[in-house]
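The sequence shown begins at 3 in the numbering used here and counts up by one.
To keep things clear, I will list the structure first and then write my remarks on it.
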Amino acid sequence: WGLAHRGRGLYDFAYYVMLCQTPEHRRERELDMLRLYLLAREGAAADEAALARAFEEVKAAALGVLAMVMVTRMHSRSAGFFQCTRDMLTRMLGWVGHAIADWNAHDAMTAYLARGI
């Protein structure tokens, strides 16, 4: 994978759900996938409030994934990455961008700042 970091599990979920499938497929399954993730993590089905809280974390994580993909793509040419790697990173930018737009993920920053986080 080439990436290692320590963080919240929903960051991994956001990375996976945005990049493991086309935006069209993601839109069809994302809420079911989030419910299944929370069921596995908590051992019980999430209520709507818990689902909404988790989705806010996913939205914030999407912005972090965007930053990581952007920086990697910007440096891919000078770092000598193969063209196929640069093409993959460009596709990743598009898919992450679709998710951010679909989810209004920029709202996550407003919510975090309002809570003083």
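The beta carbon of each residue, even a glycine, is placed where N, CA and C say it ideally should be.
Do you know whose CA, among the options, lies nearest residue i's CA?
{"i": "Leu95", "options": "Glu30, Val73, Ala56 and Glu32", "result": "Val73"}
{"i": "Ile102", "options": "Gly11, Ala16 and Met76", "result": "Ala16"}
{"i": "Ala54", "options": "Glu26, Met20 and Leu40", "result": "Leu40"}
{"i": "Thr112", "options": "Glu58, His100 and Arg88", "result": "Glu58"}
{"i": "His27", "options": "Ala116, Asp109 and His100", "result": "His100"}
{"i": "Leu33", "options": "Cys22, Ala56 and Ala46", "result": "Ala56"}
{"i": "Val60", "options": "Arg117, Arg10, Thr92 and Leu115", "result": "Arg10"}
Helix, strand or coil: which one does DSSP assign to residue i?
{"i": "Arg88", "result": "helix"}
{"i": "Ala81", "result": "coil"}
{"i": "Thr24", "result": "coil"}
{"i": "Arg117", "result": "coil"}
{"i": "Arg10", "result": "coil"}
{"i": "Asp109", "result": "helix"}
{"i": "Gly96", "result": "helix"}
{"i": "Phe15", "result": "helix"}
{"i": "Gly198", "result": "Missing from the structure shown is residue 198; the chain here goes from 3 to 119 and no further."}
Under the assumption that residue i contacts residue j (Cβ atoms under 8 Å), give the Cβ distance between them as a whole number of angstroms.
{"i": "Val98", "j": "Ala64", "result": "7 Å"}
{"i": "Leu91", "j": "Arg75", "result": "4 Å"}
Is residue i near the ligand SAH, with its Cβ less than 8 Å from a heavy atom?
{"i": "Ala47", "result": "The model depicted lacks the ligand SAH and carries no ligand whatsoever."}
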